[in-house]
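This note's numbering applies: residue 260 is where the sequence shown begins, and numbers increase by one.
As C-alpha cells, the structure follows; a few thoughts come after it.
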Amino acid sequence: MPSVNYLPDDVEVEVQDGESLLAASRRTGVPHAQVCGGAGQCSTCRVLVEDGLEHCSTREAREEKVAKRLGFGPTIRLACQTRVTGAVRVRRLVVDERDKALANLLQPERAIASIGVQRDLAVLFSDIRDFTTLSEGLTPYDVIHLLNRFFERVEELVARHGGTVNNLMGDGFMALFGFKDSQQACARAVRCGLDLVAAAEDLSPYAVRLSGKALRIGVGIHYGPVVLGALGPRSHTRLAAIGDTVNMASRVESQTKASGAKLLVSATCRERIAEGLALGRELRVELKGKAGTHTLYEVLGLA
Ligand code: FES
Numbered sequence: 260m261p262s263v264n265y266l267p268d269d270v271e272v273e274v275q276d277g278e279s280l281l282a283a284s285r286r287t288g289v290p291h292a293q294v295c296g297g298a299g300q301c302s303t304c305r306v307l308v309e310d311g312l313e314h315c316s317t318r319e320a321r322e323e324k325v326a327k328r329l330g331f332g333p334t335i336r337l338a339c340q341t342r343v344t345g346a347v348r349v350r351r352l353v354v355d356e357r358d359k360a361l362a363n364l365l366q367p368e369r370a371i372a373s374i375g376v377q378r379d380l381a382v383l384f385s386d387i388r389d390f391t392t393l394s395e396g397l398t399p400y401d402v403i404h405l406l407n408r409f410f411e412r413v414e415e416l417v418a419r420h421g422g423t424v425n426n427l428m429g430d431g432f433m434a435l436f437g438f439k440d441s442q443q444a445c446a447r448a449v450r451c452g453l454d455l456v457a458a459a460e461d462l463s464p465y466a467v468r469l470s471g472k473a474l475r476i477g478v479g480i481h482y483g484p485v486v487l488g489a490l491g492p493r494s495h496t497r498l499a500a501i502g503d504t505v506n507m508a509s510r511v512e513s514q515t516k517a518s519g520a521k522l523l524v525s526a527t528c529r530e531r532i533a534e535g536l537a538l539g540r541e542l543r544v545e546l547k548g549k550a551g552t553h554t555l556y557e558v559l560g561l562a
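Written out as C-alpha cells, the structure is:
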C-alpha cells in the first residue's frame, strides 16, 4: 500500500486508494494547513517532496496554475491535489500561523519566501554618491523629502522593468530581477539601471536647488544563484536575499565609486544580454573579499 512519511512530524501513514495526501493527513490526525478546504486555491497545504517524487501523480491544470503563479519548482506540491502510488516522504511547509501569514497567493515573492529557495536572479545595487556631503546643511525635512522623491522613482522604475525592490539601506537599495523570467533578468536589470541613472539626473536640479550639490548614483549588477527566504521576527519579516551573488553585486556597485562609472555589470551579467549594449570601459579589478581579478563592463546605453 502507498505510504507517506510526514516531516517535521516524522509520522508514517498508509494512503488509501485514490486518497490525496491532504485527505490522508486529515484522516490520520496529522496537522495540515488547508485554508481553502482542498480546492487547490490557497496553496497552504503545500509540501516539499523529499523522496518518492516518481510516486506522485502529475500536476493537473488547477495545481499547475498555482505552481506557475507562485514559482513552485517540481518538488513543491499541493497535498490536496497530489495522489501517491508508492512510498513518499514529504515535509509540510506551512506548519504554524506565521507560515500561514506568509503563504500569500497574491504575492509570488512572499510565497517563495515562506519556503526558502534558491533562484538565479540579477541583483542590482545602487546608492547615491556622497550623500553625506550632499545632505550636509539640509534640514532633516529636506533630507527625508529628497530621499523619498528618489525612492518613489526607484520603485516605479524597478516595477516597470519587472523587478522588485528588496531592501533599502539608507541612501542605497537592492533590487532583484528574474522571478518570472530568468532569461531576461540581466537585460531587464540593465535597462532599469540606465533609467535609474537618468532619473537621478532628472532629479539633480532639485537637489542642486536645495543643497547646491548634484544628485548622482552608481549602479552595479551581477547575476547568479540567490538564496531567498523570510527572515526576521514576526513583526519585521521580510524577503531576504542571501549569498555570494548578492555580495558580488554589492562589490560591483562599489567599483562605480572607484572608477567614476555610472553603471557597471559583471562579465556574467553581460554574457546573458543578447541585445547590443553601448559599452564604455572594460575594467580588470580586484574586489574586496573576492579572490583574483574580475572583469567589469561600463554600460553607457543600449546600442
Ligand atoms: S488546501 Fe488549499 S490548495 Fe490545498
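Note that beta-carbon positions come from the ideal geometry of N, C-alpha and C, so glycine has one too.
I need the DSSP call for residue i, collapsed to helix, strand or coil.
{"i": "Val343", "result": "strand"}
{"i": "Thr554", "result": "strand"}
{"i": "Arg529", "result": "helix"}
{"i": "Ala298", "result": "coil"}
{"i": "Glu395", "result": "coil"}
{"i": "Leu364", "result": "In this predicted model, Leu364 has a pLDDT of only 39, less than 50, meaning its place in the structure is not dependable enough to derive any value."}
{"i": "Ala562", "result": "coil"}
{"i": "Glu271", "result": "strand"}
{"i": "Ser463", "result": "helix"}
{"i": "Arg447", "result": "helix"}
{"i": "Arg318", "result": "coil"}
{"i": "Ala326", "result": "helix"}
I'd like the span of the alpha helix (DSSP H) that includes residue i, first residue to last.
{"i": "Phe436", "result": "Phe436 -> not in any alpha helix (DSSP H); beta strand (DSSP E) instead, spanning Gly431 to Phe436."}
{"i": "Val417", "result": "Pro399 to Arg419"}
{"i": "Ser262", "result": "Premise fails: Ser262 lies in the beta strand (DSSP E), Ser262 to Leu266, not in any alpha helix (DSSP H)."}
{"i": "Val511", "result": "Asp503 to Ser518"}
{"i": "Val289", "result": "That residue, Val289, is in no alpha helix (DSSP H); it is neither H nor E in DSSP."}
Which word fits residue i, buried or exposed, when buried means at least 16 other C-beta atoms lie within 10 angstroms of its C-beta?
{"i": "Lys521", "result": "buried"}
{"i": "Gln275", "result": "exposed"}
{"i": "Asn407", "result": "exposed"}
{"i": "Asp430", "result": "buried"}
{"i": "Leu312", "result": "exposed"}
{"i": "Gly479", "result": "buried"}
{"i": "His553", "result": "buried"}
{"i": "Leu586", "result": "Nothing in the structure corresponds to residue 586, since the chain is present only between 260 and 562."}
According to DSSP, which residues form a beta bridge with residue i?
{"i": "Arg378", "result": "Val485"}
{"i": "Arg543", "result": "Thr554"}
{"i": "Arg350", "result": "Leu266 and Leu307"}
{"i": "Asp386", "result": "Gly431 and Gly477"}
{"i": "Ala499", "result": "Gly488"}
{"i": "Val210", "result": "Nothing in the structure corresponds to residue 210, since the chain is present only between 260 and 562."}
{"i": "Ser441", "result": "DSSP output for Ser441 lists no bridge partner at all."}
Over what stretch of residues does the beta strand (DSSP E) that includes residue i continue unbroken?
{"i": "Thr423", "result": "Gly422 to Met428"}
{"i": "Arg336", "result": "Ile335 to Leu337"}
Report back the beta-carbon spacing between residue i and residue j to the nearest angstrom; my notes put them in contact at under 8 Å.
{"i": "Arg450", "j": "His420", "result": "6 Å"}
{"i": "Arg568", "j": "Arg475", "result": "What is shown of the chain runs 260 to 562, which leaves residue 568 out entirely."}
{"i": "Ala444", "j": "Ala381", "result": "4 Å"}
{"i": "Glu557", "j": "Gly539", "result": "4 Å"}
{"i": "Leu352", "j": "Val306", "result": "6 Å"}
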